[in-house]
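Report on the structure given below.
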Amino acid sequence: SGPTARYFLNPAHYTGTNRVNLLPARADALGTAWDSGEQDLVHSKYAIIDPNGLHPFVIHGAANWTYSGLATPNANDESILFLRHRDIAQAFLTHFRTMTGTLPAGGPESDVTESSD
115 SGPTARYFLN PAHYTGTNRV NLLPARADAL GTAWDSGEQD LVHSKYAIID PNGLHPFVIH
175 GAANWTYSGL ATPNANDESI LFLRHRDIAQ AFLTHFRTMT GTLPAGGPES DVTESSD
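According to the working numbering, the sequence shown is numbered sequentially starting from 115.
In C-alpha cells form, the structure reads like this:
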C-alpha cells in the first residue's frame, strides 16, 4: 500500500485568489473531515510528512497556504516553520488524529503507511 493522505478544512475559506488545488490530496485521502462551522474547532495550519520514515518533518505556522498568504508581495508578515524532528512529527500526528477521530488504539505510529519511494 502507498502513502496516506488526510486533510481537514473549510472550503468556504478557499475561494477566488485564495483557491487551493487540493485534488491530488483529496484523491489519495483515506478520509475527509469538513469544518462544521462550530466555534470550538482548532485553527491550525500544518502538514506532517513521513512521520515514521527517515526524514520526518512538520510544516507549521500562521501563514495561510494560499497564493495571497505565501507569495503576494507586500502582503501580511506571515510565519512558517519547518521542523525536522520525529518526536515533533509524532506529536502533531497524534493531535491531528485526536481532532479527526482517527487515532488508532495502538498509538500514532500503528497504522501510518510508509512511502515505498
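Positions of the beta carbon are idealized from the N, C-alpha and C atoms, including for glycine.
Checklist entry - Count the other CB atoms within 10 Å of the CB of residue 187; is the residue buried (16 or more) or exposed (fewer)? => result exposed
Item to check | Residue burial classification, residue 203 (beta-carbon count within 10 angstroms, cutoff 16) | outcome: buried
Checklist entry - Do you know how far the Cα of residue 214 is from the Cα of residue 171? => result 20 Å
Item to check | From 192, 163 and 197, residue whose alpha carbon lies closest to that of residue 182 | outcome: 192
Item to check | Extent of the continuous alpha helix (DSSP H) run through residue 205 | outcome: 200–214
Checklist entry - If you drop the 5 nearest sequence neighbours on each side, which residues of the same chain put their C-beta closer than 8 Å to that of residue 137? => result With a pLDDT of only 45 at residue 137, under the threshold of 50, the placement of this residue in the model should not be trusted; the figure read from the coordinates follows. The answer is none, since no qualifying residue turns up.
Checklist entry - What are the uninterrupted segments assigned as beta strand (DSSP E) that are 3 or more residues long and contained completely in the region 155–183, given in chain order? => result 160–163 and 171–175
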